[in-house]
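Written below as structure tokens is the structure these notes are about.
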Amino acid sequence: MTDDTQGVSMDRILQEISAVGRKLEGMDNAMVALTAETRSMRLEIASFQSQISGLDHRVTTVETQVASWTDRDQELLHLRSKLPDLEDRSRRNNIHLLGFPEGTEGAEYSPTYGTHSPS
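The numbers in full-length UniProt numbering rise by one with no breaks, and the one at position 23 of the sequence shown is 23.
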């Protein structure tokens, strides 16, 4: 090889090395950007996990309350089913006295109760 071809080859090699260096620098910049983006995503994921944990706690609390309400609802239905029977029983215990005018209560008739009772 002559000095002229050696110089061209050497220039060509230096250009290739320079091109490879630029590509490596670009790859390095891309790697830094990817690292920063990955770090940002990790922070977002941690935030999401924290939010999910909080929501999970809230859902558990609501489920517990709903279960309690369901139990109370069952108890309320049970008590309501007893209500007509209790009302009927309270009406049966009312004594209806015949022969007394409506609205005559109190002390004016108290002494006469004893005289009207069967012997």
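Every residue gets a Cβ at the ideal spot worked out from N, C-alpha and C, and that includes glycine.
Residue i versus residue j: straight-line alpha-carbon distance, rounded
i	j	result
Ala33	Gln51	27 angstroms
His57	Trp69	18 angstroms
Thr61	Gly54	11 angstroms
Ile13	Met31	26 angstroms
Arg89	Arg80	15 angstroms
Ala19	Gly7	18 angstroms
Arg42	Met27	22 angstroms
Ala46	Lys23	34 angstroms
Gln49	Glu63	21 angstroms
Item to check | Complete beta strand (DSSP E) runs within the stretch 46 to 102 (minimum length 3 residues, chain order) | outcome: none
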